[in-house]
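Undergrad: Residue 31 in full-length UniProt numbering sits at position 31 of the sequence shown, with consecutive numbering throughout.
Ideal Cβ positions, reconstructed from N, Cα and C, are used throughout, including at glycine.
Computed from a predicted structure; not experimentally measured.
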Amino acid sequence: MIEGDNVIQRLRSLARVMTQAQAARATGLSPARVSQIADEKGITFLTRPPRPKRSRCASCMFPRDGTRRCLRCKWTPARIKTLRQGLGLSQVDMAFKVLHMNVWAVQRWESGHCRPGRAALVRLERVARSGGTAGAPA
């Protein structure tokens, strides 16, 4: 159980992510005491527990084998940039010489402004598997 001056500070931090009942269980205080402190100090708790974030991608929500991820979710901006840097390429070289695409596409993928389309995802997979030599369109 929390005692002393830390109670209010702890409850304020818990209020951002928990309901009053959850905060009471986490602190060891009674729900009535948590409610009383919240009313006195103007602390507003969540009205319901937050939902876990789900992917919008159906293949990620329901993976066939439980371990695979779809290509769209696998290729994050950081992973695309890491692949390019690992190959020792500039964005221009990656776009034109390896992926046979416009440079703005690679720039936007790496900055997170948009995601690669299906054809680009397949090319990225080929490049990653072959070490930079198989980016040509099929």
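Measure from the alpha carbon of Leu46 to the alpha carbon of each residue in Ala24, Ala105, Ser111 and Arg79, then state which is nearest.
TA: Ala24
Undergrad: Kindly indicate the opening and closing residues of the alpha helix (DSSP H) around Ile8.
TA: Asn6 to Ala15
Undergrad: Below 8 Å CB to CB, which residues in the same chain sit around Leu115 once its five sequence neighbours on both sides are set aside?
TA: Strictly speaking, residue 115 in this sequence is Arg, with Leu absent from that position. For Arg115, same chain residues with a beta-carbon under 8 Å away, outside a window of 5 residues either side, are Arg72, Trp75 and Trp109 in chain order.
Undergrad: Comparing C-alpha positions only, which one of Leu83, Gln22 and Ala38 sits nearest to Gln9?
TA: Ala38
Undergrad: Which residues mark the beginning and the end of the alpha helix (DSSP H) in which Leu89 is found?
TA: Leu89 -> no alpha helix (DSSP H), and no H or E assigned at all.
Undergrad: Which term fits Thr27, buried or exposed, when burial requires 16 or more other beta carbons within 10 angstroms of its beta carbon?
TA: Flag for Thr27 reads buried.
Undergrad: Going by other Cβ atoms of all chains shown within 10 Å of its Cβ, with 16 needed for buried, is Val34 buried or exposed?
TA: buried
Undergrad: Taking a contact to mean a Cβ-Cβ separation below 8 Å, would you say Pro77 touches Ser111 in this structure?
TA: The answer is yes: Cβ separation under 8 Å.
Undergrad: Under three-state DSSP, which class holds Ile43?
TA: Collapsing the DSSP output to three states places Ile43 in coil.
Undergrad: Where does Gln36 land, buried or exposed, given buried means 16+ other C-beta within 10 angstroms?
TA: Under this definition Gln36 is an exposed residue.
Undergrad: Within the same chain, show all residues whose beta-carbon is closer than 7 Å to that of Met101, passing over the 5 residues directly before and after it, in chain order.
TA: Ala95 and Ala120
Undergrad: Is Cys73 helix, strand or coil when you go by DSSP?
TA: helix
Undergrad: Distance, Cα to Cα, Ala15 vs Ile43?
TA: Spanning the alpha carbons of Ala15 and Ile43 requires a straight line of approximately 7 Å.
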